[in-house]
Amino acid sequence: MNYGKCLIIAEAGVNHNGRLDLAIRLCDEAKKAGADVVKFQTWKTEALLTRHVEQADYQSRNTGRTESQFDMIKKLELSYDDFRTIRRHCDEIGILFASTADEPESLDFLIELGIPFIKVGSGDIGNISFLRYIGSKGLPVILSTGMSTLADVDISINALRQGGAADITLMHCTTSYPCPPQDVNLNAMLTLRNAFRLPAGYSDHTVGRDVAVAAVALGAVAIEKHFTLDRGMEGPDHAASTSPADFAELAKAVRRIELSMGTGIKEPTDTERDIAKVVTKRIVARTAIMPGEAFTDSNVCVKRNDAGIPARYWDAVLGRTSDRSYLPDEGIVI
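In the working numbering, the protein residues as written are 274 to 607.
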């Protein structure tokens with residue numbers, strides 16, 4: 274998957290709180306903030322989890338409730354018709370729509386809806402049967418790798434390839450909301466890229482934008498960050514998400530970093546070439562020099578000058594014989 278730039282994904286996730294109107298607003302704000310993609314999560318609750326699973330600690334902490342994860346997730350579920358409306362709206366405003374399918378039925382629906390890639394959440398690392406099914410769809414795959422080891426990722430990549438996936442991007446992330454800096458382990462993104470020779474990006478759960486920007490400087494091909502209309506809203510993910518204003522600053526920073534990375538060729542810019550004309554040290558006459566006189570460190574020196582041989586040729590000049598006369602401070606030419 275190559276979009277020619279770092280793909281900026283606004284992870285709307287479940288921050289619509291189960292309301293279509295908030296989902297639409299999330300799309301609008303993501304577009305304004307400079308995201309390339311607004312991504313949701315699509316599931317049928319009964320196919321996703323059993324009724325007895327407790328909430329994760331961060332979920333109960335952020336919601337202040339002790340209800341089961343099933344009951345919480347059910348309240349956040351959007352219908353397929355809702356997603357059809359969201360997709361149409363994304364097309365109208367010019368932002369890519371994507372969503373993570375958490376089970377096969379929802380994946381089939383999203384394929385029919387026309388997603389540009391399949392995003393696999395960290396919870397499906399090692400889910401071999403589902404990963405093979407995902408691979409069979411023939412779309413680019415973005416695989417998040419939270420809560421996993423390198424061996425877990427290897428198993429998951431193999432399953433995707435067994436299904437037929439040929440275009441896989443890995444996303445390093447730490448499944449912690451929010452993620453403290455000491456748990457980021459950003460160098461693991463490079464480990465993933467080097468170990469599997471696949472493009473790698475970063476799914477950011479830290480507070481602020483520093484780590485995401487650093488990931489881009491390290492070569493992340495995609496950046497994903499949770500996105501909310503208001504971090505103070507009720508719900509499991511709002512507190513660890515980014516506001517529209519902060520996301521906009523992140524997007525601008527990502528594009529600046531991309532621009533600053535350049536080609537990797539070490540050569541002067543046009544601006545530097547102009548400046549070099551007047552600041553480069555050159556070999557000039559220290560004293561008056563007559564034709565036939567040898568250049569020595571007594572009669573030549575190095576100064577800023579707009580004419581003359583650059584100072585790096587000092588050894589090549591000393592000992593040569595002048596074929597003309599020079600006045601003091603006149604640039605030496607040979």
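Glycine is no exception: its CB is placed at the ideal position from the N, C-alpha and C atoms.
- Leu-416 is bridged by DSSP to Val-393 and Leu-443.
- Within the model, the alpha-carbon separation for Ile-430 versus Arg-482 is close to 29 Å.
- Here the C-alpha atom of Glu-284 lies approximately 17 Å from the C-alpha atom of Gly-367.
- Looking at the DSSP output, Ala-558 shares a beta bridge with Val-573.
- Rounded to whole angstroms, the gap between the alpha carbons of Gly-286 and Ser-533 is 31 Å.
- Of all C-beta pairs linking the region 470 to 481 to the region 491 to 509, three or more are shorter than 8 Å, placing the two stretches in contact.
- Within the DSSP bridge table, the entry for Pro-583 names Arg-555 as partners.
- Between the region 395 to 408 and the region 348 to 360, the count of Cβ pairs shorter than 8 Å is below three; the stretches do not touch.
- Setting aside the 5 residues that flank it on each side, Pro-451 is surrounded in the same chain by His-478, Thr-479, Val-480, Ala-512 and Ala-513, each with a C-beta closer than 8 Å to its C-beta; the list follows chain order.
- Val-486 is positioned such that its CB atom lies closer than 8 Å to that of Ala-526.
- The Cβ-Cβ distance between Gly-394 and Leu-351 does not fall below 8 Å.
- Counting C-beta pairs closer than 8 Å gives fewer than three between the region 432 to 442 and the region 460 to 467, which falls short of the contact rule.
- Within the same chain, and ignoring the five residues on either side of Ile-388 in sequence, the residues whose Cβ sits closer than 8 Å to its Cβ are Phe-370, Ala-371, Ser-372 and Leu-412.
- Here Val-557 really is in contact with Cys-574; their C-beta atoms are around 6 Å apart, less than 8 Å.
- Distance from the CA of His-499 to the CA of Asp-425, rounded to the nearest whole angstrom, comes to 24 Å.
- Annotation: Ala-308 is outside any alpha helix (DSSP H) and is labelled neither H nor E by DSSP.
- Sixteen is the threshold: since fewer than 16 other Cβ atoms of the shown chains lie within 10 Å of the Cβ of Arg-546, the residue is exposed.
- Ala-320 places its beta carbon 8 Å or farther from that of Ile-281.
- Here the C-alpha atom of Glu-302 lies approximately 18 Å from the C-alpha atom of Gln-314.
- Taking the C-beta atoms as reference points, Arg-555 is found no nearer than 8 Å to Ala-518.
- In the three-state reduction of the DSSP assignment, His-325 falls in the coil class.
- Here Tyr-475 is bridged, per DSSP, to His-445 and Ile-496.
- Here the C-alpha atom of His-445 lies approximately 16 Å from the C-alpha atom of Met-274.
- Under the 10 Å beta carbon count, Val-311 is surrounded by 16 or more other beta carbons and is classified as buried.
- In the three-state reduction of the DSSP assignment, Tyr-450 falls in the coil class.
- Ranked by Cα distance from Asp-456, the options Gly-419, Pro-541 and Phe-390 are led by Gly-419.
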